[in-house]
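Trainee:
There are 2 protein chains.
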Amino acid sequence: MLPIAVDAMGGDRAPGEIIAGARQAADELGVPVVLVGRPDAIDAAGGPQGLDVIAASEVIEMHDDPAHGVRRKKDASLVRAAEAVRDGRASAMISAGNTGATMASALLRMGRVKGVLRPAIATPIPHPGHHPTVLLDAGANAECTPQYLVQFAQMGSVFAARRYGIERPRVALLSIGEEDTKGTPLVKETHALLTKTPGIEFVGNVEGRDLIGDAADVVVTDGFTGNVALKTLEGALKFLVGAIAATLPAESLAPLLPLAADMDPDSHGGAVLLGVDGVCIISHGSSTARAIVNAVRVASEMVAADLVADLGDAVA
Amino acid sequence: MLPIAVDAMGGDRAPGEIIAGARQAADELGVPVVLVGRPDAIDAAGGPQGLDVIAASEVIEMHDDPAHGVRRKKDASLVRAAEAVRDGRASAMISAGNTGATMASALLRMGRVKGVLRPAIATPIPHPGHHPTVLLDAGANAECTPQYLVQFAQMGSVFAARRYGIERPRVALLSIGEEDTKGTPLVKETHALLTKTPGIEFVGNVEGRDLIGDAADVVVTDGFTGNVALKTLEGALKFLVGAIAATLPAESLAPLLPLAADMDPDSHGGAVLLGVDGVCIISHGSSTARAIVNAVRVASEMVAADLVADLGDAVA
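If you read the protein sequences in the order shown, they are chains A and B. Heads up, the first sequence is in this note's numbering, so the first residue is 37 and it goes up one at a time. Heads up, the second sequence is in this note's numbering, so the first residue is 37 and it goes up one at a time.
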C-alpha cells in the first residue's frame with residue numbers, strides 16, 4: 037500500500053500529537069505513513085520519529101478562509117497532502133486542520149469521482165453497543181438539490197457497507213416528521229426520488245431524535261441541516277458530560293469511562309469526504325494521537341476496500 | 037383574570053394527568069382554570085375535580101393530520117379551547133396534544149397579531165443554573181423568508197424579556213459558522229437584515245453547539261432547522277441519560293436529580309406559539325401534571341404581562 041499522508045500541521049494539538057499518532061499508527065497497524073508539513077515545525081516537535089516527510093512551507097490556519105487559503109498558500113501542508121494522493125505518492129490523506137480548506141484542497145487537487153455532483157462529509161454518530169449511524173452531508177454543501185441528496189444516499193450506503201460491514205444499509209432522510217408530506221420542498225422531492233432509487237434500502241424519514249439510535253444506518257440531509265444537527269448533538273453531549281462530571285464524585289464516574297470512550301469522536305476515526313477521487317479523512321480539530329491512529333486505520337481500510345471505485349459505481 | 041383553558045384530551049397521559057395538573061395549578065397558583073374536553077372522558081378519569089368544563093365532543097388524535105383534523109372535527113377540544121380565547125371566555129389555551137393541530141386551531145380561530153407574517157413556536161432550551169435559551173421557530177414553518185426570521189427575532193426578544201426578565205435579550209441567528217459569509221442564502225440575507233433591525237440586540241451567528249449555553253438569549257432559525265435541532269438535542273440528552281442510568285448504581289444517581297429536573301422540559305412550562313392573537317402554550321406530548329402546572333404558570337404570567345400586545349408593537 038502507498039503511504040497515508042497525514043497533515044502534521046492541522047489540528048489544535050499539531051504538530052506534536054499528530055506526529056505521535058502517525059508514529060503509533062505505523063507501529064500498531066503496520067501501515068506506511070508519511071507526514072506532510074513544515075520540517076522546522078516537525079523538528080521542533082521532536083522530529084519525524086523515523087517517518088518520511090513531504091515538506092510544505094505553509095500552513096492554512098483554522099481561522100483562514102478556506103477557498104482563499106487554498107488559492108494563496110499553494111505550498112500549504114494540506115494542499116500538498118491532497119497532491120500526494122493525486123500524484124500517486126500517497127493512498128489517502130488525513131487532516132485535523134481547517135475543515136473547509138481540507139475539503140477545498142481535496143476537491144481542487146484530487147477532483148471529483150466521475151458522476152458525483154457534490155462531495156459530502158460523512159460523519160459517524162456514535163451509538164454505544166452498536167455501529168455508528170452515518171450522517172451526511174455534515175457540512176460540505178449548505179445548499180443542496182434533491183439530486184445531490186440522492187447521491188449522498190448512494191454514497192453513504194456504500195460507505196456504511198464498507199466501513200461497518202452492513203450488507204444492506206438502511207438509508208433514511210432527515211425531516212421533521214415521519215410522514216412524506218412533512219418538511220421542505222427539498223425533503224419532499226428527495227423523498228419521492230429515494231423511493232424510486234434502485235440499489236439502496238430507503239426506509240423513509242427520520243427525525244433528529246433518531247440520529248443516535250437504530251432507526252437507520254445512514255441518514256441523509258443537506259449540509260446546513262446536517263452541520264447544525266451534528267453540532268447540536270456534540271454541544272448537548274458535551275454540556276451534559278460536563279455537568280455530570282462537575283456533580284458526581286470522581287469514584288462514581290469510573291463506571292462511565294467505557295461509555296465516554298464509545299461516545300468520543302476520537303474513537304471513530306473522523307469524518308470521510310465522500311465523492312472526491314481519493315480517500316480523504318477529516319478529523320476533529322481537537323484530535324489526539326489516538327484519533328490519528330483511528331483515522332489511519334479507517335483510511336487504510338477504505339483504501340483496501342477500494343471505496344472510491346465503489347462510490348463511482350454507486351452513482352453511475 | 038379570565039380562566040386558562042386546558043385541553044383535557046391532549047397528551048400521552050390525558051385526561052388523568054392533565055386534569056390533575058389543572059387542579060394543582062388552580063390550587064397552587066390561584067389562577068382560574070377551565071377544562072376543555074369530552075365530559076364522559078373527564079368523568080371516567082375521576083371527574084373535573086371542581087373545575088369548570090367546556091364540553092367538546094371530539095378529539096384530534098396525535099396521529100391525525102392537523103389541518104384536516106381542525107377542518108373536520110369542529111367540536112374538537114383544542115378547537116373549542118382556541119374559540120374560548122377568541123370569544124373572551126378564556127385568557128389563554130394550553131394543549132399537550134397534536135402540535136400541528138394546536139397551531140392550526142390557534143391560528144384559524146384566534147387569528148394572527150396584526151402585522152405578524154407567520155406565528156412561530158418559541159421553545160425554551162434548558163441551561164441549568166441559567167435562564168433557558170429561547171429557540172424559535174421550533175417547527176411551525178418549515179419554509180421561511182428572511183422577513184419571517186426578522187419577526188421571529190423581534191417576537192423572541194419580547195418573549196425572552198417578559199418571560200425571563202432579561203432587559204435587552206441577545207438575539208442570535210443559527211448558522212454553520214460565526215462568519216456572516218457562512219450558511220444558506222436565507223441565513224445570509226437574514227443576517228444582513230438583522231444587523232439593521234432596530235429594537236433588538238443582534239449578536240450575530242451561533243452554531244448548534246451554542247444552543248445550550250450563554251452565547252445568546254434568543255436563537256432564531258427556520259422551523260425545519262429548529263425542529264431538527266430541538267429533536268436532536270432531546271434525543272442526545274435522552275440517550276445519554278438512559279445510558280448513564282443503566283450504567284451507574286441507583287445511589288450514585290441521586291446527586292444528579294436536581295440536574296435532571298432542570299433539564300426536564302416539564303419544568304419549563306412548554307413552548308409558546310408567538311404571533312397568534314392570544315396566549316397559546318404547546319406542552320410536550322409526554323406532559324405530566326407538573327408540566328401542566330408550569331404551563332398554567334407561564335400562561336398566566338404572559339397574560340398578565342400583556343405579551344400579545346407587546347408582540348404587535350415589536351413587529352409594527
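Positions of the beta carbon are idealized from the N, C-alpha and C atoms, including for glycine. Owing to the predicted nature of the structure, the values given are computational and were not obtained by experimental measurement.
Taking beta-carbon pairs under 8 Å, can you tell me which members of the segment 225-247 of chain B lie near chain A?
Mentor: Hits within the stretch, in order: E243, G244, R245, D246 and L247.
Trainee: Would you say K109/B faces chain A, with C-beta separation under 8 Å as the test?
Mentor: No - not a single Cβ of chain A is within 8 Å of the one on K109/B.
Trainee: Taking Cβ-Cβ distances below 7 Å as the criterion, which residues of the segment 160-180 of chain A are in contact with chain B?
Mentor: Those residues of the segment 160-180 of chain A that come within reach of chain B (Cβ to Cβ, closer than 7 Å) are P164, G175, A178 and E179.
Trainee: Since T283/A is in the alpha helix (DSSP H), which residue starts that stretch and which ends it?
Mentor: G259 to T283 is the extent of the alpha helix (DSSP H) around T283/A.
Trainee: For a contact defined as C-beta to C-beta under 8 Å, what are the partners of A265/A on chain B?
Mentor: The contacting residues are G244, V264, A265 and T268.
Trainee: For a contact meaning CB atoms closer than 7 Å, what does L375/A contact in chain B?
Mentor: Nothing about residue 375/A can be read from this structure; chain A reaches only from 37 to 352.
Trainee: Would you mind sorting S131/A into buried or exposed? The rule is 16 or more other CB atoms within 10 Å of its CB.
Mentor: That one is buried.
Trainee: How is the alpha helix (DSSP H) around G240/A delimited, first residue to last?
Mentor: That residue, G240/A, is in no alpha helix (DSSP H); its beta strand (DSSP E) goes E237 to V242.
Trainee: For P160/A, which residues from the same chain have a beta carbon less than 7 Å from its beta carbon, with the 5 sequence-adjacent residues on both sides left out?
Mentor: P168, V170 and H304, listed in sequence order.
Trainee: Quickly, what does DSSP pair P160/B with across the bridge? List them, please.
Mentor: BP columns for P160/B point to V170/B.
Trainee: Whole-angstrom Cβ separation of A120/B and I90/B, contact assumed at under 8 Å?
Mentor: So it is a contact: roughly 6 Å between Cβ atoms.
Trainee: Could you name the residues of the same chain whose beta carbon sits closer than 7 Å to that of A81/A, not counting the 5 residues immediately before and after it, in chain order?
Mentor: Taken in chain order, the residues that qualify are P51, G52 and I55.
Trainee: Could you check the C-alpha separation between S113/A and R107/A for me, to the nearest Å?
Mentor: Straight-line Cα distance between these residues: approximately 13 Å.
Trainee: Using a Cβ cut-off of 7 Å, pull out every chain B residue sitting near P291/A, in sequence order please.
Mentor: T283 and L284, listed in chain order.
Trainee: Ends of the alpha helix (DSSP H) at S113/B?
Mentor: Its alpha helix (DSSP H) spans residues S113 to R122.
Trainee: Can you tell me whether DSSP reads V255/A as helix, strand or coil?
Mentor: Reduced to three states, the DSSP call for V255/A is strand.
Trainee: Is it buried or exposed, T217/B, if we count other Cβ atoms within 10 angstroms and call 16 or more buried?
Mentor: Its Cβ having fewer than 16 others within 10 Å, T217/B is exposed.
Trainee: Where does H320/A land, buried or exposed, given buried means 16+ other C-beta within 10 angstroms?
Mentor: That one is buried.
Trainee: Determine the burial state of S322/B: buried for a count of at least 16 other Cβ atoms within 10 Å of its Cβ, exposed for fewer.
Mentor: It counts as exposed.
Trainee: Who are the near neighbours of A325/B in its chain, counting only those whose CB is closer than 7 Å to its CB and skipping five residues on each side?
Mentor: Excluding positions up to five away in sequence, the list reads E53, A56, G57 and Q60.
Trainee: Please state if the CB of A272/A and the CB of L273/B are separated by a distance shorter than 8 Å.
Mentor: Yes. Within cutoff.
Trainee: Using a C-beta cutoff of 8 Å, does F195/B count as contacting chain A?
Mentor: No, F195/B lies away from the interface with chain A (no Cβ there is under 8 Å from its Cβ).
Trainee: Using DSSP's beta-bridge definition, name the partner residues of S131/B.
Mentor: Its beta-bridge partners are I318/B.
Trainee: So, with DSSP's three-state summary, where would you put G175/B?
Mentor: Reduced to three states, the DSSP call for G175/B is coil.
Trainee: Does the distance from the C-beta atom of D43/B to that of V72/B stay below 8 Å?
Mentor: In contact: D43/B and V72/B (Cβ atoms closer than 8 Å).
Trainee: Give me the Cα-Cα distance between P234/B and V351/B, rounded to the nearest whole angstrom.
Mentor: The straight-line gap from Cα to Cα measures roughly 11 Å.
Trainee: Which residues in chain B have a C-beta closer than 7 Å to the C-beta of L143/A? List them in chain order.
Mentor: Neighbours of L143/A on chain B: none; closest Cβ ~18 Å, over 7 Å.
Trainee: If you compare alpha carbons, which of T268/A, I96/A, H227/A and R154/A is closest to L247/A?
Mentor: It is T268/A whose Cα lies nearest to the Cα of L247/A.
Trainee: Which value, in whole angstroms, describes the spacing of the CA atoms of D313/B and S141/B?
Mentor: C-alpha separation (whole angstroms): 12 Å.
Trainee: At the level of alpha carbons, what is the spacing between I212/A and R333/A?
Mentor: Approximately 35 Å, taken between the alpha carbons.
Trainee: Distance, Cα to Cα, V344/A vs V254/A?
Mentor: Roughly 18 Å between the two C-alpha positions.
Trainee: Provide the residue span of the alpha helix (DSSP H) that contains V106/A, from first to last.
Mentor: Unbroken alpha helix (DSSP H) run through V106/A: P102 to R108.
Trainee: What residues from chain B crowd round T261/A, counting only those whose CB sits closer than 9 Å?
Mentor: F260, T261, V264 and A265, listed in chain order.
Trainee: Starting from the beta carbon of T138/B, find every residue of chain A whose beta carbon is closer than 9 Å, and list them in chain order.
Mentor: By Cβ distance, chain A contributes nothing, its closest Cβ being about 15 Å from T138/B, past 9 Å.
Trainee: For D250/B, count the other beta carbons within 10 Å of its own beta carbon; 16 or more makes it buried, fewer makes it exposed. Which is it?
Mentor: Exposed, since its Cβ has fewer than 16 Cβ neighbours within 10 Å.
Trainee: Buried or exposed: which applies to E243/B, given that a residue is buried once 16 or more other Cβ atoms fall within 10 Å of its Cβ?
Mentor: Burial call: buried.
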